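Undergrad: Quick one: the structure is below, questions incoming.
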Amino acid sequence: FAVVREAGWRRIKMRHYDVQLIGGVVLHQGKIAEMKTGEGKTLVATLPVYLNALTGKGVHLVTVNDYLARRDAEWMGQIYKFLGLTVGVIVNAVEPQTPERRAAYNCDITYGTNSEIGFDYLRDNMVVSLEQLVMRELNYAIVDEVDNILIDEARTPLIISGQGQESTDMYVQFARWAPRLKPEADYTIEEKTRTVILTDAGIDKLEQLAGVKNIYDENNIELTRYMENAIKAQIIFKRDKDYIVKDGEVIIVDEFTGRQMPGRRYSEGLHQAIEAKENVKVQRENHTLATITYQNFFRLYKKLAGMTGTAMTEAQELDKIYKLEVMSIPTHKPMIREDLPDLIYRTTEAKYNAVVEEIKALHETGIPVLVGTTSVENSEYISEKLDKQGIPHNVLNAKHHAREAQIVAQAGRSGTVTIATNMAGRGTDIVLGGNPEGYLDSILRKHAEQVSYIREMPESDDDERAEKEEAIRQHIDNMTQAEKDELLQRKVRECEEDHNYVVELGGLHIIGTERHESRRIDNQLRGRAGRQGDPGQSRFFLALDDELMRRFAADRVGKVMEMVGMEEDMPLESSMVSRFIEQAQTKVEGYNFDIRKNVVDYDDVIAKQREVIYADRLAVLERADMHERVLGMMRAEVNRLVDACIPGSMVTEEEQLERLLTLVETWVQVPEDVLPENIHAVRREEMRNKLIDLVIDHYEEQGEKLDELAEQNPGLNVPTIRDIERSFTLQIVDRLWMDHID
């Protein structure tokens, strides 16, 4: 740890605080370190990463997106390389099963996202030769934003799938029929579980529409699934909240992070039902080729640790499922952020009007504001309202991680207003007064644009604009390091002055526009303010028709508001209401925990089977001689045929023998001397031994011919019998395993 602390100071001018050393110890012990936002989790990880990488067995640092994996590998990589270790990065841009990917895993330290590493594990267990393997043994992993990966993502298993043969016309047909069924009369909706159940009247209507007499006939049973999915797509799943439509595709939006998840699809026909509703091309339903849950994947590591700003609310689940203890690390400076009570309005419109008024008032005083929303739709709605008021602002919807990280880093500048979905820019610090490093590119560009000959260059068409861009780039390239440093120092001084000004104003103000299902996500939003002892303030603005309120607390709170006789635009500020909301969140957290536990319980059943099958595959790949195993299979198959055709110890009927020999002749020509003269004198065991010898001798003979051919023609790549045995064994194991998990 002392070596890393010294290297950190020498290479990147960052020295670990004592509390960061405590965090490092906790991570090395295989626990979860809960560290508040801005306490330098990225730097803390360098301590246990270096120590554990010295074993040469590899360390994985798992992040939530490609941008953070790349950023942290480059930033902290300076320390590791200075200390003589190698660093690799696994991101989406690196093609799977390539030498580049293998090289990244063979490094002492590998940065990557949870999904990329998880999918590599599954792909490694589908390869047909050792050369295609990219990963080493799973030794030690530190999971950054551990709550997001091990809890929020844990409801979605990792699945590699191939296209099925099912027709897609049914989804289009049912999308037309779904609006004909009426809520309550024909179906009921369970909002908490997001399920649809057809009533008896609904089933009658479905039978009429489909022209069938009995929906429960085994040929018709699928029709209820089509209809329930079509209704879910129409009523429960909302565009721009649960998913977006982009380039003719339905892309899921992560409910926790607000991020798009291209490539992910809802299972069991729901995605196709949404595609039919949105009139885009309905893709065929997929069949599972390989699958694992994050819970079972991360439990494969010999040692696992994690870090996050918010884990205490889920400490029980982390302990129960992953056997991970959560340790809260003290902050470097005391926390002085002020968390104000929630304000509750009767309608959404009144709530948003109040939010805009609050932003306007804060903006006029120069206080920086970060507005948190739960969906892209809400972000855009607030943005429109701010445009009407003429308030400049940035909107982040977790689409462009790198650009958004830069904007979030500057969200602490005086007078800045930033609207962001839950997780946009997560992993990036908001520095009061702004972060001068993030401005370097724009400072250099502005400086170049002011140079007289560049300023006077015309830009009336594309060619002229390209010429001007090239001149700007050339000018920046020709600047000396001293000139660049001087410009940066000016910005540093400007940011320091702004920092002091913002601190005097009371720091960053956080406005939440809706409570999330999870208290943890609310705490993450609050945690964006008040970093490293800075002042700050947070408050949530809620409405009775917010989703969480509507599902769990609206009736009780509505009655309170009616009793008090409140106007629509008058807020209710009450600790009793805040308690209702906390109780509702605890309920939902418990419910979501049960869902995740069910996912684990279900996957646990096949986890042991998966372990055995994957170990078996690896043994085959590692040149295990399959010959005796194949001969054993042949003996077993002959035994099965003999027992099926000749039930007694002697042949009693001519047909028994004819049937047996017909089956055996699908493999090998049965010579006449095997056939007895007197059929009724044939003993079953005698026939069994003759046929086993016949089949095995024939197989060995053909194998020798093939081996000779391979030896005589080295340039033709003729496989040996051992190669064929390995290849067929893998194909059969894979096919049966895929049928089993599908």
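Per the numbering used here: the sequence shown = residues 1160 to 1901. Beta carbons are placed, not taken as given, at the ideal position from N, Cα and C, and that holds for glycine. Keep in mind that this is a model prediction, so the values were computed, not measured.
If you compare alpha carbons, which of Glu1437, Thr1352, Gly1243 and Gln1454 is closest to glutamine 1332?
TA: Glutamine 1332 has its Cα closest to that of Glu1437, out of Glu1437, Thr1352, Gly1243 and Gln1454.
Undergrad: Helix, strand or coil, according to DSSP, for glycine 1183 in the structure here?
TA: DSSP places glycine 1183 in helix when its eight states are reduced to three.
Undergrad: Just list the residues that DSSP pairs tyrosine 1299 with in beta bridges.
TA: DSSP output for tyrosine 1299 lists Val1218 and Lys1462 as bridge partner(s).
Undergrad: Could you compute how far the alpha carbon of arginine 1818 sits from the alpha carbon of asparagine 1798?
TA: Rounded to whole angstroms, arginine 1818 to asparagine 1798 spans 14 Å at the Cα level.
Undergrad: Ignoring anything shorter than 3 residues, give me the beta strand (DSSP E) runs that lie fully in the segment 1244 to 1322, in order along the chain.
TA: Counting only runs of 3 or more, we get 1246 to 1249, 1268 to 1272, 1299 to 1303 and 1317 to 1322.
Undergrad: Relative to the C-alpha of leucine 1834, which residue among Glu1844, Glu1732, Leu1368 and Leu1816 is closest?
TA: Out of Glu1844, Glu1732, Leu1368 and Leu1816, Leu1816 has the C-alpha closest to the C-alpha of leucine 1834.
Undergrad: Smallest Cα separation from tyrosine 1858: which of Asn1379, Ile1268, Glu1844 and Arg1881?
TA: It is Arg1881 whose Cα lies nearest to the Cα of tyrosine 1858.
Undergrad: Would you please state the rounded distance, in angstroms, between the beta carbons of methionine 1466 and glycine 1182? I believe it to be under 8 Å.
TA: At roughly 7 Å, the Cβ-Cβ gap stays under 8 Å, so methionine 1466 and glycine 1182 are in contact.
Undergrad: With isoleucine 1319 and leucine 1289 assumed to form a contact (beta carbons below 8 Å), what rounded beta-carbon distance in angstroms separates them?
TA: Wrong, their Cβ atoms sit about 20 Å apart, outside the cutoff.
Undergrad: Could you spell out where the beta strand (DSSP E) holding phenylalanine 1700 opens and where it closes?
TA: Its beta strand (DSSP E) spans residues 1695 to 1702.
Undergrad: Buried or exposed for glutamate 1343, going by 16 or more other Cβ atoms inside 10 Å?
TA: Classification of glutamate 1343: exposed, given that the 10 Å Cβ count is below 16.
Undergrad: Straight-line CA distance for phenylalanine 1160 to glycine 1189?
TA: For phenylalanine 1160 and glycine 1189, the distance between alpha carbons rounds to 16 Å.
Undergrad: Since I believe arginine 1690 is in contact with isoleucine 1578 (beta carbons under 8 Å), could you give me their beta-carbon distance rounded to a whole number of angstroms?
TA: Contact flag wrong, Cβ pair sits at about 20 Å.
Undergrad: Run through DSSP, which three-state label would serine 1808 get?
TA: Of the three classes helix, strand and coil, the one that applies to serine 1808 here is coil, per DSSP.
Undergrad: Which one or two residues does DSSP pair with threonine 1347 in a beta bridge?
TA: DSSP, once it has assigned bridges, lists Ile1356 as partnering threonine 1347.
Undergrad: Keeping to the same chain, check which residues put their C-beta closer than 6 Å to that of glutamate 1476; ignore five residues upstream and five downstream.
TA: Within the same chain, glutamate 1476 has close Cβ partners Phe1752.
Undergrad: Check whether the Cβ atoms of leucine 1186 and alanine 1464 lie closer than 8 Å to each other.
TA: Closer than 8 Å, so yes.
Undergrad: Looking only at DSSP bridge pairs, what is lysine 1746 linked to?
TA: In the DSSP output, where bridge partners are listed per residue, lysine 1746 has none listed.
Undergrad: According to DSSP, is methionine 1420 part of a helix, a strand, or is it coil?
TA: Residue state, collapsed to three classes: strand.
Undergrad: Output needed for threonine 1196: all residues of its chain with C-beta closer than 7 Å, excluding positions within five of it in sequence on either side, in chain order.
TA: Within the same chain, threonine 1196 has close Cβ partners Gly1468, Gly1686, Arg1687 and Arg1690.
Undergrad: Span of the beta strand (DSSP E) holding glutamate 1408?
TA: Element bounds for glutamate 1408: 1408 to 1412.
Undergrad: Under 8 Å, do leucine 1220 and isoleucine 1301 count as touching if we go by C-beta distance?
TA: Against a cut-off of 8 Å, the Cβ pair of isoleucine 1301 and leucine 1220 comes out as a contact.
Undergrad: Can you list, in chain order, the residues of its chain whose CB lies under 8 Å from that of arginine 1755, leaving out five sequence neighbours each side?
TA: Closer than 8 Å at the Cβ level, and outside the excluded window around arginine 1755, lie Ile1310, Ala1313, Arg1314, Gln1454, Glu1476 and Ile1480.
Undergrad: Considering only residues of the same chain and omitting the five flanking positions on each side of lysine 1200, which have a CB-CB separation below 6 Å?
TA: Result list for lysine 1200: Met1194 and Met1466, in chain order.
Undergrad: My output table needs one value for valine 1203: the three-state DSSP class, helix, strand or coil.
TA: In this structure, valine 1203 counts as helix in the three-state DSSP scheme.
Undergrad: Where does glycine 1671 sit, in a helix, a strand or coil, going by DSSP?
TA: Here glycine 1671 sits in strand by DSSP.
Undergrad: May I ask which residues mark the beginning and end of the beta strand (DSSP E) holding serine 1487?
TA: Where serine 1487 is concerned, the enclosing beta strand (DSSP E) stretches over 1485 to 1487.
Undergrad: Once you ignore the five residues that flank glycine 1247 on each side, which residues in its own chain have a CB closer than 6 Å to its CB?
TA: The answer, listed in chain order, is Ala1263, Cys1266 and Thr1269.
Undergrad: Tell me which residue opens and which closes the alpha helix (DSSP H) that lysine 1479 is part of.
TA: From DSSP, the alpha helix (DSSP H) with lysine 1479 extends over 1474 to 1481.
Undergrad: Does alanine 1192 come out as helix, strand or coil in the three-state DSSP assignment?
TA: Reduced to three states, the DSSP call for alanine 1192 is strand.
Undergrad: Does the distance between the C-beta of asparagine 1224 and the nearest non-hydrogen atom of the ligand NAP fall short of 7 Å?
TA: What this structure holds is no ligand at all, so the ligand NAP is not there to describe.
Undergrad: Can you tell me whether serine 1619 is buried or exposed? The criterion is at least 16 other CB atoms within 10 Å of its CB, across all chains shown.
TA: With fewer than 16 other Cβ atoms within 10 Å, it is exposed.
Undergrad: Tell me, please, whether the segment 1440 to 1452 touches the segment 1743 to 1751 by the rule of three or more beta-carbon pairs shorter than 8 Å.
TA: With a cut-off of 8 Å, the segment 1743 to 1751 and the segment 1440 to 1452 do not count as touching, because too few Cβ pairs lie within range.
Undergrad: Would you mind stating whether glutamate 1867 and valine 1789 have Cβ atoms separated by less than 8 Å?
TA: For glutamate 1867 and valine 1789, no; Cβs fall outside 8 Å.
Undergrad: Within this structure, are the beta carbons of isoleucine 1518 and isoleucine 1670 separated by less than 8 Å?
TA: Against a cut-off of 8 Å, the Cβ pair of isoleucine 1670 and isoleucine 1518 comes out as a contact.
Undergrad: Identify whether leucine 1529 lies in helix, strand or coil by the three-state DSSP scheme.
TA: Of the three classes helix, strand and coil, the one that applies to leucine 1529 here is strand, per DSSP.
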